[in-house]
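Q: If you read the sequence shown in the working numbering, its first letter stands for residue 53, the second for the next number, and so on. So that we are looking at the same thing, I have put the structure below in structure tokens.
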Amino acid sequence: MKSIIKNNKFIFMMLCIIVLAFVSIIGYYTNKIEKLKSIEISRLTTEYNKENKNNETFKETTKRIKTNDINIKTNTKVVTDNFDINNDKVIEKLIIDMTTLINNDEFTRLYKEYYNEEYVKEFKITEKQVIDKFKFSQKVSASITRVTRESDVYDRAVATVRLIDDKKAERIFDITVFEDGKIADLPLYKEVRFDRTIERDNVLYTVKKRYKTRLGSIFIVNVVNNSEYLVDIQEIKAYMGTSFKYDHELINGNIHTYEVTPEESQDFIIKIFNQDKPDDLRFTNKKIDGTIEEFSVLNNR
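Here you go:
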């Protein structure tokens with residue numbers, strides 16, 4: 053009886069050993085097959101990449117995949133890349149977000165995160181100016197009455213926005229929204245770059261840009277005084293032909309801004325009323341001997 057039990061135990065142990073050996077063999081060959089498949093896939097991928105490295109569709113697909121990977125990692129990048137300047141709903145959402153910041157007195161964030169950097173630099177915009185423009189005594193809600201786009205301008209739109217408080221008092225703003233989702237708090241429908249310079253009496257006058265704006269135009273003119281005398285600007289006017297004259301407003305200054313001391317460089321941001329495309333811009337200066345001189349800074353005449 054004991055002999056039979058010992059034989060059964062031996063048989064059972066042998067069966068276990070055989071099963072374990074069989075399982076080990078199957079696992080070994082399964083792993084080997086998977087490694088071979090992985091090597092083959094890698095080889096085929098390398099060959100595919102080599103064959104398609106000059107293929108434009110392949111490049112675009114790869115670029116899109118890489119861009120999507122960046123977007124997943126950086127939320128800010130997603131907003132920037134996906135901002136659709138041609139979608140009124142996207143612009144409306146941006147204005148609502150700005151209104152929330154205004155109501156929460158988060159003007160620093162509004163200034164730093166929403167304002168276009170080039171606009172801030174060119175128009176010398178400060179955080180204080182933003183507060184002065186958008187500070188309300190009560191909570192406000194936003195209503196967009198119109199979104200304007202120039203037919204030949206693709207990088208911006210101008211939203212006319214009503215900000216209405218709880219007592220139904222309102223202020224109306226024209227907000228330029230750029231293709232990157234940043235804004236300017238002036239209507240800048242279109243810009244034309246000139247970079248045209250003239251020199252008179254050792255003073256350089258450079259017309260940098262002209263913007264088409266609501267009911268007129270805005271010129272950016274830089275004056276560099278390399279002379280020994282004060283530049284004393286008495287008047288600035290725009291012309292259309294020889295008969296039509298248009299008055300101006302200095303956006304970035306006061307009566308003292310019209311004076312440029314020796315060795316000083318100064319930008320003039322000039323609003324011209326009722327003409328969005330004048331063909332001439334003329335300065336009138338008072339010279340050191342008291343004589344008055346009018347001259348063009350746009351057409352060199």
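For every residue, glycine included, the Cβ atom is placed at its ideal position computed from N, Cα and C.
1. Apart from the five residues on each side of it in sequence, which residues of its chain come closer than 7 Å, Cβ to Cβ, to N155?
2. To the nearest angstrom, report how far apart T151 and E170 are at their CA atoms.
3. Looking at C-alpha atoms only, which residue of A194, K323, F159, I322 is the closest neighbour of R223?
4. Which whole-angstrom value is the C-beta distance of I227 and I147, which I expect to be below 8 Å?
5. Rounded to whole angstroms, what is the Cα-Cα separation between K260 and D218?
6. Which same chain residues end up closer than 8 Å to K297 when comparing Cβ atoms and leaving out the 5 residues on each side of it in sequence?
7. Exposed or buried, which one is S269 when buried takes at least 16 other CB atoms within 10 Å?
8. Under 8 Å between the Cβ atoms of E231 and F335?
9. What are the complete beta strand (DSSP E) segments, minimum 3 residues, inside the region 187–215?
10. Could you check where the alpha helix (DSSP H) with V349 kicks off and where it finishes?
11. Ordered along the chain, which non-local residues of its own chain (more than five positions away) have a Cβ less than 8 Å from that of L282?
12. Can you say whether T265 is buried or exposed, counting buried as having 16 or more other CB atoms within 10 angstroms of its CB?
13. Taking DSSP as the reference, what is the three-state secondary structure of N139?
14. Is the separation between the beta-carbon of D237 and that of N274 shorter than 8 Å?
15. Threshold first: 4 residues or longer. Then list the alpha helix (DSSP H) segments lying entirely within the region 262–316, N to C.
16. Run through DSSP, which three-state label would K338 get?
17. Just curious, the alpha helix (DSSP H) that E174 is in, first and last residue?
18. Would you kindly check if the distance between the Cβ of F347 and the Cβ of R252 is under 8 Å?
19. What whole-angstrom Cβ distance do F271 and I324 have, given they're in contact under 8 Å?
20. Please classify K234 as buried or exposed, where buried requires at least 16 neighbouring CB atoms within 10 angstroms.
21. Assign R262 to buried or exposed, taking buried as 16 or more other Cβ atoms, counted over all protein chains shown, within 10 Å of its Cβ.
22. Can you tell which of K220, Q181, I143 has the C-alpha that lies nearest to the C-alpha of R201?
23. In the structure shown, what three-state DSSP assignment does K260 receive?
24. Report the residue from I196, Y206, E243 whose alpha carbon sits nearest the alpha carbon of F225.
25. Who are the Cβ neighbours of K338 in its own chain at under 7 Å, not counting the five residues just before and after it?
26. Once you ignore the five residues that flank L162 on each side, which residues in its own chain have a CB closer than 8 Å to its CB?
27. By how many angstroms is the C-alpha of E243 removed from the C-alpha of E103?
28. Report yes if the CB atom of I137 is closer than 8 Å to the CB atom of V229, and no otherwise.
29. Give me the residue from L215, V349, E174 with the minimum Cα distance to I250.
30. D332 and N351: beta carbons closer than 8 Å?
A: On the basis of the data shown:
1. K191, V192, listed in sequence order.
2. Distance between the alpha carbons of T151 and E170: 22 Å.
3. Distance check between R223 and each of A194, K323, F159, I322 places A194 closest, using alpha-carbon atoms only.
4. Rounded to whole angstroms, the Cβ separation of I227 and I147 is 7 Å, and the two are in contact under 8 Å.
5. Looking at the two C-alpha atoms, the distance is approximately 43 Å.
6. Contacts found: K289, A290, Y291.
7. With 16 or more other Cβ atoms within 10 Å, it is buried.
8. For the 8 Å CB-CB criterion, E231 and F335 do not form a contact.
9. DSSP runs (the beta strand (DSSP E)) wholly in the region 187–215: 192–200.
10. Run containing V349: none; DSSP gives neither H nor E here.
11. Its chain contains E311, V312, T313, P314, I340 as the residues whose beta carbon lies nearer than 8 Å to that of L282, once the 5 sequence neighbours on both sides are disregarded; these appear in chain order.
12. Buried, since its Cβ has 16 or more Cβ neighbours within 10 Å.
13. The three-state secondary structure of N139, taken from DSSP, is coil.
14. Not closer than 8 Å, so no.
15. Complete alpha helix (DSSP H) runs here, min 4: none at all.
16. In this structure, K338 counts as strand in the three-state DSSP scheme.
17. Per DSSP, E174 belongs to the alpha helix (DSSP H) from 169–174.
18. Taking C-beta atoms as the reference points, R252 and F347 count as a pair closer than 8 Å.
19. Confirmed, about 7 Å.
20. By the Cβ-count criterion, K234 is buried, with 16 or more other Cβ atoms from all chains shown falling within 10 Å of its own Cβ.
21. R262 comes out buried.
22. Of the candidates K220, Q181, I143, the one whose C-alpha sits nearest the C-alpha of R201 is I143.
23. Of the three classes helix, strand and coil, the one that applies to K260 here is strand, per DSSP.
24. Closest in C-alpha terms to F225, from the list I196, Y206, E243, comes I196.
25. D284, Q286, I344, listed in sequence order.
26. Within the same chain, L162 has close Cβ partners M150, L153, I154, V182, F186.
27. Because the pLDDT of E103 is 44, which lies under 50, any placement of that residue in the model is unreliable, and the question is left without a value.
28. Yes, they are a contact pair.
29. Ranking L215, V349, E174 by Cα distance to I250 puts V349 first.
30. Contact flag set, yes.
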